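The structure under discussion appears below in the form of structure tokens.
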Amino acid sequence: WVVENQIGRKNLVIDDCDSKQFVYVFGCKDSALQIQEKVNNITVDKYTKMAAVFMDVVAACEIVNYNGVKV
Numbered sequence: 006w007v008v009e010n011q012i013g014r015k016n017l018v019i020d021d022c023d024s025k026q027f028v029y030v031f032g033c034k035d036s037a038l039q040i041q042e043k044v045n046n047i048t049v050d051k052y053t054k055m056a057a058v059f060m061d062v063v064a065a066c067e068i069v070n071y072n073g074v075k076v
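Note that the working numbering has the sequence shown beginning at 6, numbered continuously upward.
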């Protein structure tokens, strides 16, 4: 899953995923993403005021190049 360049989107949802899939979030601003299923890895890169809500992750949740985050 790739989520890119979302601005002001507070209702982003990924609900059809599984534990073998990765989620990569890039360049989002003032947005919120909810991941409703277990995934292998989550990477959030180059963002401002981003919220990521998830229940479970197999390997890691990486947060890089950020300016304000809520996990």
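Even glycine gets a Cβ: it sits at the ideal position worked out from N, Cα and C. Quick caveat, the model's predicted, so the values are computed rather than measured.
Below 8 Å between beta carbons: does that hold for M55 and C33? In the sequence shown, the residue the question calls residue 55 occupies position 50. In the sequence shown, the residue the question calls residue 33 occupies position 28. Going by C-beta atoms, M55 is nearer than 8 Å to C33.
Residue of V69, S36, A64, K25 minimising C-alpha distance to V58: Against the sequence shown, residue 58 aligns to sequence position 53. Nearest option by C-alpha distance: S36.
Between the beta-carbon of Y52 and the beta-carbon of Y29, is there less than 8 Å? Here residue 52 corresponds to residue number 47 of the sequence shown, with the count starting at 1. Here residue 29 corresponds to residue number 24 of the sequence shown, with the count starting at 1. Going by C-beta atoms, Y52 is not nearer than 8 Å to Y29.
Identify the continuous beta strand (DSSP E) that holds M60 and give its terminal residues. Position 55 of the sequence shown, counted from the start, is the residue given in the question as residue 60. Per DSSP, M60 belongs to no beta strand (DSSP E) and is neither H nor E.
Start and end residues, beta strand (DSSP E) containing N35: Mapped onto the sequence shown, residue 35 falls at position 30. Residue 35 is actually Asp in this sequence, not Asn. D35 -> beta strand (DSSP E) spans 34–40.
Inter-residue spacing [alpha-carbon to alpha-carbon] between I68 and D50: Start at 1 with the first residue of the sequence shown, and residue 68 comes out as number 63. Start at 1 with the first residue of the sequence shown, and residue 50 comes out as number 45. Whole-angstrom Cα-Cα distance: 6 Å.
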